[in-house]
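Residue numbers (this note's numbering): 1 to 173.
Scroll down for the structure; my scribbles are underneath it.
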């Protein structure tokens with residue numbers, strides 16, 4: 001089997017008739033100092049999803065995530081398949097109004113360290129740092145705001161088949 005190191009915060013607003021429930025995810029952080037970590041995937045995430053409103057005049061719930069941060073100092077990580085760090089939010093759906101989504105900052109800081117991600121079997125070797133927000137569906141789409149996604153490197157190296165650092169927001173109806 002494959003090993004995985006996962007730290008996550010998941011918040012879900014409940015389903016309601018007039019309004020979906022609001023959700024707020026907490027901050028998630030991981031510090032690896034003077035560490036050797038091998039043959040595992042790594043996920044450090046916070047996700048919030050607003051609840052759905054089922055009524056014909058319903059308003060979707062709002063979603064807010066905390067920040068996610070990873071600090072790697074004086075370390076060597078030899079990972080398999082993926083390293084995924086994200087702070088994502090999705091507003092709940094409502095007939096009249098979709099819920100607002102606000103995602104936190106996603107930050108990775110590498111200092112005097114190396115990270116290698118290798119594909120196992122048919123998987124891709126991915127390192128992804130993301131902050132993304134999607135407003136809830138509705139007659140009027142919910143607003144969406146994302147914060148910064150960033151990778152800071154000092155005397156560090158990354159080897160991966162795909163490296164993605166992205167921040168974005170979308171309001172869909």
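Cβ atoms here follow ideal geometry from the backbone N, Cα and C, with glycine treated the same way.
As the structure is a prediction and not an experimental result, all values here were calculated from the model.
Q. Whose C-beta lies closer than 6 Å to the C-beta of residue 104 among residues of the same chain, with five residues either side of it excluded?
A. 65, 66, 67, 87 and 147
Q | Top-ranked residue by Cα proximity to residue 5, from 143, 44 and 23 | A | 44
Q) Nearest to residue 165 by CA position, among 126, 145 and 136, is which residue? A) 126
Q) So what's residue 74 in DSSP terms, helix, strand or just coil? A) coil
Q. What's the call for residue 168, buried or exposed, on a 16-neighbour Cβ count within 10 Å?
A. exposed
Q. Leaving out five residues before and five after residue 163 in sequence, what residues of the same chain have Cβ atoms less than 7 Å from its Cβ?
A. 127
(Q) So residue 85 and residue 115 are supposed to be a Cβ contact under 8 Å. How far apart are they, rounded? (A) That pair is no contact at about 11 Å.
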